[in-house]
Amino acid sequence: MRQYPFSEFEEVLRLFMIAAACIGAILTSVFSLTHGITEVFPFLYILPIILVVYFYPKRAVLFALFISLMYISLVFLLASGDTNLMIIATAWFAIFMTIAVVASSYANQLLEERTRIRHIIDNSQDGIFCFSLNSGSLIAVNAKFAKVLRYERTDLIGRDISQIWTDADERAGFIHLVKTERKPLDTEILLRARDASVLRFVISPLQVTRDRVLCSAVDITGSMIADEEIQKTLEDLEEQVRARTAHLERINKELKAEILEHRRFESTIFPKGKDLPDNEVEGEK
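Residue numbers (this note's numbering): 3 to 287.
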């Protein structure tokens with residue numbers, strides 16, 4: 003809601019600029035035609051056409067048609083006896099329409115591309131945010147990024163990024179890398195959510211300008227917790243395997259000791275090569 007008054011003022015300012023350019027061109031045309039000046043005033047109609055192409059590209063052709071008809075009507079009314087001037091006015095009419103058609107087509111293509119990119123960013127499964135490198139204020143965020151941090155988009159826009167990215171050294175290091183490196187950089191950072199919980203993200207700069215950087219942010223908090231649990235489970239299993247192996251080795255050692263003891267006992271009771279007693283020999287006979 004805070005942005006609405008500014009948008010209304012901006013709209014009024016645009017309309018005022020276009021109206022002033024139109025009135026200036028028309029009054030100058032009337033003055034020039036009534037005083038025999040015919041070389042300069044047609045150029046004044048280019049300015050309002052360019053302004054409308056810039057501010058309202060979808061309406062530029064209709065506006066150019068209106069202002070061109072106004073121009074040629076003034077020439078025909080105020081200089082109807084000058085055939086040369088009427089021919090030149092017809093040529094200027096064609097020039098005005100050509101400028102409007104060509105410029106508005108490019109402007110509409112840029113507007114459609116901007117809308118398409120905005121739609122992609124708003125509906126991206128990854129978090130997207132843009133902030134100023136100089137002031138540190140958040141310029142734009144998509145719904146996914148705001149939702150992960152448990153904010154509304156309007157609450158984040160305009161806020162200093164240090165309120166969610168609290169580690170100043172980490173933030174300064176990323177900005178330094180963005181300014182000095184050209185290749186994509188993946189950086190793991192910690193961001194503070196609205197409920198004061200700390201979430202882990204991997205951010206990558208998508209576009210860097212002189213003062214702004216557009217980044218993607220992937221929440222890896224859940225995967226980090228899962229990885230830690232998996233690592234802990236693996237460590238527990240490894241510890242159990244080591245304990246089981248040590249137990250089996252101990253049992254094996256005890257069995258080997260018992261076998262050796264039995265063998266020593268047998269060798270003591272039944273020594274090899276010992277002669278049988280005489281009474282046993284006579285009994286056999």
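Cβ coordinates follow ideal geometry from the N, Cα and C atoms, glycine included.
- Just so you know, the alpha carbons of Phe11 and Cys132 end up roughly 25 Å apart.
- Counting along the chain, Thr85 sits inside the alpha helix (DSSP H) bounded by residues Thr85 to Asp124.
- Here DSSP, grouped into helix, strand and coil, assigns Asp238 to helix.
- Counting along the chain, Leu76 sits inside the alpha helix (DSSP H) bounded by residues Ala62 to Leu80.
- Taking the C-beta atoms as reference points, Gly129 is found no nearer than 8 Å to Asn110.
- Shortest Cα-Cα distance from Leu201 to any of Gly26, Leu151, Asp213 and Leu179 involves Leu151.
- Shown here for Leu76: same chain residues with a beta carbon closer than 8 Å to its own, the five before and five after excluded, namely Ile28, Ser31, Val32 and Leu35 in chain order.
- Of all C-beta pairs linking the region 148 to 167 to the region 241 to 252, fewer than three are shorter than 8 Å, placing the two stretches out of contact.
- In the DSSP assignment, the residues bridged to Ser134 are Arg214.
- Collapsing the DSSP output to three states places Gln165 in a helix.
- In the DSSP assignment, Ile141 falls within the unbroken beta strand (DSSP E) covering Leu140 to Val143.
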